[in-house]
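Chains A and B supply the protein sequences, listed in that same order.
Everything in the first sequence is counted per the working numbering, starting at 1 for the first residue and increasing by one.
Everything in the second sequence is counted per the working numbering, starting at 1 for the first residue and increasing by one.
All residues carry an ideal CB built from backbone N, CA and C; glycine is no exception.
Protein chains: 2
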Amino acid sequence: MPTSKDVAQAAGVAQSTVSYVLSGKRPISEKTRKKVEAAIEQLTYQPNAGARALASRKTRVIGLVIPFIPELEMGSIMEFVSVIASTARQFDHDILLVTDDEGAAGLRRVVGQQICDGLILMQVEDEDERLPVARSLHVPVVLIGIPRDPSGLVCIDADFEMAGEHCVRDLAAAGHSVISVIDWQPAVMDRHVNYVDRFLHGTDVAAKALGVTVLHLPGGTDRATISESVDKALASTTGNPAFIVPDRTIQDILRRDLSGRGLTLGLDVSVIGSASPTLAELQPIPLSTIDLRPAEVSRRAVKIMCQLLESDSQGPHESLELVPTVITHRSSTLRPQ
Amino acid sequence: MPTSKDVAQAAGVAQSTVSYVLSGKRPISEKTRKKVEAAIEQLTYQPNAGARALASRKTRVIGLVIPFIPELEMGSIMEFVSVIASTARQFDHDILLVTDDEGAAGLRRVVGQQICDGLILMQVEDEDERLPVARSLHVPVVLIGIPRDPSGLVCIDADFEMAGEHCVRDLAAAGHSVISVIDWQPAVMDRHVNYVDRFLHGTDVAAKALGVTVLHLPGGTDRATISESVDKALASTTGNPAFIVPDRTIQDILRRDLSGRGLTLGLDVSVIGSASPTLAELQPIPLSTIDLRPAEVSRRAVKIMCQLLESDSQGPHESLELVPTVITHRSSTLRPQ
DNA sequence: CACCATCGTCGATACGCATCGATAATTCGA
DNA sequence: TCGAATTATCGATGCGTATCGACGATGGTG
Chain A
1 MPTSKDVAQA AGVAQSTVSY VLSGKRPISE KTRKKVEAAI EQLTYQPNAG
51 ARALASRKTR VIGLVIPFIP ELEMGSIMEF VSVIASTARQ FDHDILLVTD
101 DEGAAGLRRV VGQQICDGLI LMQVEDEDER LPVARSLHVP VVLIGIPRDP
151 SGLVCIDADF EMAGEHCVRD LAAAGHSVIS VIDWQPAVMD RHVNYVDRFL
201 HGTDVAAKAL GVTVLHLPGG TDRATISESV DKALASTTGN PAFIVPDRTI
251 QDILRRDLSG RGLTLGLDVS VIGSASPTLA ELQPIPLSTI DLRPAEVSRR
301 AVKIMCQLLE SDSQGPHESL ELVPTVITHR SSTLRPQ
Chain B
1 MPTSKDVAQA AGVAQSTVSY VLSGKRPISE KTRKKVEAAI EQLTYQPNAG
51 ARALASRKTR VIGLVIPFIP ELEMGSIMEF VSVIASTARQ FDHDILLVTD
101 DEGAAGLRRV VGQQICDGLI LMQVEDEDER LPVARSLHVP VVLIGIPRDP
151 SGLVCIDADF EMAGEHCVRD LAAAGHSVIS VIDWQPAVMD RHVNYVDRFL
201 HGTDVAAKAL GVTVLHLPGG TDRATISESV DKALASTTGN PAFIVPDRTI
251 QDILRRDLSG RGLTLGLDVS VIGSASPTLA ELQPIPLSTI DLRPAEVSRR
301 AVKIMCQLLE SDSQGPHESL ELVPTVITHR SSTLRPQ
């Protein structure tokens, strides 16, 4: 592998000159620049990352802490990961994976060894054991998700409260007076990610404001639980029933249950779910969805991180950004009256 | 951040001694070792990765090239990524993400900058533009998937041919004389990943050996295509029909189509699909599946990579490893006669 | 024409660790 | 008891880059 010294020799200049051509931190004459650039091209020179990190104290790598195989909803996690990685490249950074099975020690490790300049944490829980560590690390940390106490932390997430409000508002506008919200599956509820509460709170707020009734019913990945919840929902209204089902795994089960009862989506009953546009369109009856904008959340997380890295101000930062959600009505909801 | 020099000072030894305590490459007396370890503990010293890489010419980082958001089957990709990352940690390595939108240039970049010691490529296609680059890089490369010409390359993948054979064999044993294989969705077929051919070939081989008929029918993510394929399948047999549906997205559509025709899985018709055990069990009629062992493939890919890195022999390696697949019969297939 | 600011480049040094050769301390055999 | 063979440790050097101070060349000003 050629080094900057080789380049310097080939171009007939000093090594420091090569460095300045690359960084642009000092003026270089057009002639010299050309010579150096030609030599770089010639030798296919690429700067050594380790040496660069050692000298500049910047690795240009961001650590991404991914959840510990939650078995379900892996697809949506991958969307975050993928977008985060390519956005990072746009800011001339790379992504190092940190799996959550290393726990908080993993964070200390990658920061301590100075493998990366900052950390992005996914799936932040209400009382997350990683938070005290995150606060004590002397590198920027961006959380995707909002813990109970976000003080001293930089957080970003979809605006779940707005999402809940919009779902109820639109269903109310379609004439539903009783709206059933099916909880996430127990595995998610147990994790105490507080977007659940924010979403449910949003539905309550809208319900109060609009004078409609919102029912919170248990979710589950077995048909019995869902069937029971549907029973309760049907018993509670004389009009057309409406369901909000933010958990992707539960959607299929609910749809099957409803059609088993002879109810037709968009005709007798409204259902708002959550899925990628592609998947939503693929359904027998295209599903109306609330889009939680994972790609946009990912992009902004990286952007915030890179801004923090540039401004490299040592002081503790604190901010909270909510990404607006979007409802798309397809065919599974009644038309507004 | 403390350095090894700080540790040396605290322990009253030379910096090189600290280094030898850490690496074990020279004998150290018990007394000195204790002193140094105490100082390390005391200062919470962690070696600087950049300096280490610079001096040792090893980064202990593996580049993982992930597919460019194929929109579908992201869940299964995440399983690879997750297992690869944690397995790498077991071998004391880290994973750097390289997104495929950088293309072959991305590979040159991370290797040229010496950000990582080797590369793992996912979703290798038949004629992959990255292969010539992979062969020319002077670092170990492990492919997940098998290109048309694997010469000079180290490949690992699930044994799709065996998978195809086993599916046909078991369905034949259950009394089916005509077996329909539904292709992957067009998006996958177009990508020319050759596991498709290997799987289909496996079904043909078994069919010939057992004297049963295998029909290859088009797949698709729309109900019309699937419905047509089912029509053809039903028209081709007087006995109970049997389906093999390796594409996860298509499974739901097929199941719905069949039940719409009044056919009951495991009673009137056999279906073998592909899904994680958890998901398979969740179905109304638990799905018999062919398990392509993504976790095992991932683990072995990392293991092979780490072996290559240790033996750091420069010469071009070449190997091909196939991971046996496993059929699990649940309730969607007829009992063997 | 002398003087000073600016521009462009060079040389030297630091970054933190691994590693090699050398040296001091110890042990062993004859 | 002396030298040889170990054993344990130190000092010095190199890895490749960024960056700082210095210096010669250039151009403008009075």
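Runs of the beta strand (DSSP E) lying entirely within the segment 112-180 of chain A and spanning at least 3 residues, in chain order: 118-121, 141-144, 154-158. Here the alpha carbon of A/Ala85 sits roughly 7 Å from the alpha carbon of A/Asp94.
Excluding the 5 residues flanking it on each side, A/Gly266 has same chain C-beta neighbours closer than 7 Å at Ile285, Ser331, Ser332, Thr333, Leu334, in chain order. In the structure shown, the three-state DSSP call for A/Phe243 is strand.
Under the three-state reduction of DSSP, B/Gly219 is assigned to coil, being neither helix nor strand.
For A/Ala51, the chain B residues whose Cβ falls inside 8 Å of its Cβ are Gly50, Leu54, in order along the chain. Taking 8 Å as the threshold, the shortest C-beta distance from A/Gly273 to chain B does not fall below it. Restricted to the segment 30-89 of chain A, the beta strand (DSSP E) segments that are unbroken, complete and at least 3 residues in length are 61-66, listed in chain order.
By the C-beta density criterion, B/His166 is buried, having at least 16 other C-beta atoms within 10 angstroms. Residue ranges of uninterrupted alpha helix (DSSP H) with 4 or more members, entirely inside the segment 238-302 of chain A and ordered along the chain, are 248-260, 277-282. As the crow flies, the alpha-carbon of A/Ile290 is around 18 Å from that of A/Val193. Note on geometry: alpha-carbon atoms of A/Gln114 and A/Arg169 lie some 49 Å from one another. For B/Ser86, the nearest beta carbon of chain A is closer than 8 Å to its own beta carbon.
In the three-state reduction of the DSSP assignment, A/Leu22 falls in the helix class, which pools H, G and I. Annotation for B/Val7: the continuous alpha helix (DSSP H) segment containing it runs 4-11. Taking a Cβ-Cβ threshold of 7 Å, none of the residues of chain A is close to B/Thr238; the smallest such distance is about 30 Å. For A/Met305, no CB of chain B lies under 8 Å from its own CB, so it is not counted at the interface with that chain.
Between B/Gln337 and chain A, the shortest Cβ-Cβ separation is not below 8 Å.
Annotation for A/Glu129: Gly103, Ala104 place their beta carbon closer than 8 Å to its own, counting only its chain and skipping 5 residues before and after. B/Arg198 counts as buried, since at least 16 other C-beta atoms from the protein chains shown sit within 10 angstroms of its C-beta. Burial check for B/Thr44: the Cβ neighbour count within 10 Å stays below 16, so the residue is exposed. Ranked by Cα distance from A/Cys116, the first of A/Ala53, A/Thr237, A/Gly219 is A/Ala53. Around B/Arg108, the same chain offers Val133, Leu137 as residues with beta carbons nearer than 8 Å, after the five sequence neighbours per side are excluded.
Under DSSP, no beta-bridge partner is assigned to B/Glu318.
The way I'd put it, the segment 263-280 of chain B doesn't touch the segment 301-311 of chain B; fewer than three beta-carbon pairs between them come closer than 8 Å.
Inclusion of B/Ala8 and B/Val142 in the CB contact set at 8 Å is not warranted, their separation being larger than that value. B/Asp92 places its beta carbon 8 Å or farther from that of B/Phe68. The shortest CA-to-CA distance from A/Phe160 to any of A/Pro241, A/Pro140, A/Pro246 is the one to A/Pro246. Around the CB of B/Pro140, 16 or more other CB atoms lie within 10 Å, so the residue is classed as buried.
The Cβ of A/Arg89 sits closer than 8 Å to at least one Cβ of chain B.
Think of a sphere of 9 Å around the beta carbon of B/Ile120: no beta carbon from chain A falls inside it, the nearest being about 12 Å out. Cα atoms of A/Thr32 and A/Met1: separation of roughly 23 Å, rounded to the nearest angstrom. Secondary structure of A/Thr213 (DSSP, three-state): strand. Around the Cβ of A/Ser151, a 10 Å sphere holds fewer than 16 other Cβ atoms; the residue is exposed. In its chain, beyond the 5 residues on either side, Ala8 have a beta carbon closer than 8 Å to the beta carbon of A/Ala14.
Put simply, the backbone Cα of A/Ile226 is about 13 Å away from that of A/Arg248.
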